[in-house]
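Q:
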Amino acid sequence: MGNPNEPWCPVCREYTEHHLKERESAYYTCNQCGSDTWKPTSPGIYGSVVILVLAFLNFMAFVIGPDAGESQFDIWFVQICVIGANILLLRVVWRNAVHWRKFHKWRKRHYQELIDASRKQK
Ligand SMILES: [Zn+2]
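With the numbering used here, letter number 74 in the sequence shown gets 379, and the count goes up by one each step, no holes.
Given below as structure tokens:
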């Protein structure tokens, strides 16, 4: 119980049967409600990889780019793409963080219920 390495459905709020939509998909799909849940990968590592990638992209677009002698239009185009990537990736990180916060909250409450139940039995 409470194993973060098992897929946990935030909609059903329990461990359900899941399947992978695609082999390389970042999500499991819940067999009960059909909603997506995160593959149980470490959210910390995921977040820091994304932040590193974004830092690199932003550095290239806003620091290196304007000095590279490209036309202003190309630089704007790259900068707009990088801003788009920022928004997309940060949304993914945010959704991931929200998922794990929900999971930990649920797990805490679940443990509390188990403890209460075992106290009542005594
Ligand atoms: Zn579900």
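Idealized CB from N, CA, C, for every residue including glycine.
#1: Where do the N-terminal and C-terminal ends of the beta strand (DSSP E) with Tyr332 fall, by residue?
#2: For ligand 1, any of its heavy atoms closer than 8 Å to the Cβ of Asp403?
#3: From Glu327 to Tyr333, what distance separates their C-alpha atoms?
#4: DSSP three-state label for Cys338, please.
#5: Does Glu418 come out as helix, strand or coil in the three-state DSSP assignment?
A: Let's see:
#1: In the sequence shown, the residue the question calls residue 332 occupies position 27. Annotation: the continuous beta strand (DSSP E) that includes Tyr332 extends over 332-335.
#2: Numbered from 1 along the sequence shown, position 98 holds the residue referred to as residue 403. The sequence as given places Val at residue 403; Asp does not occur at that position. No, Cβ of Val403 sits at least 8 Å from all heavy atoms of ligand 1.
#3: Position 22 of the sequence shown, counted from the start, is the residue given in the question as residue 327. Position 28 of the sequence shown, counted from the start, is the residue given in the question as residue 333. The straight-line gap from Cα to Cα measures roughly 9 Å.
#4: Position 33 of the sequence shown, counting from 1, holds the residue named residue 338. Cys338: coil per DSSP, three-state reduction.
#5: Within the sequence shown, residue 418 is the residue found at index 113, counting from 1. Three-state DSSP puts Glu418 in a helix.
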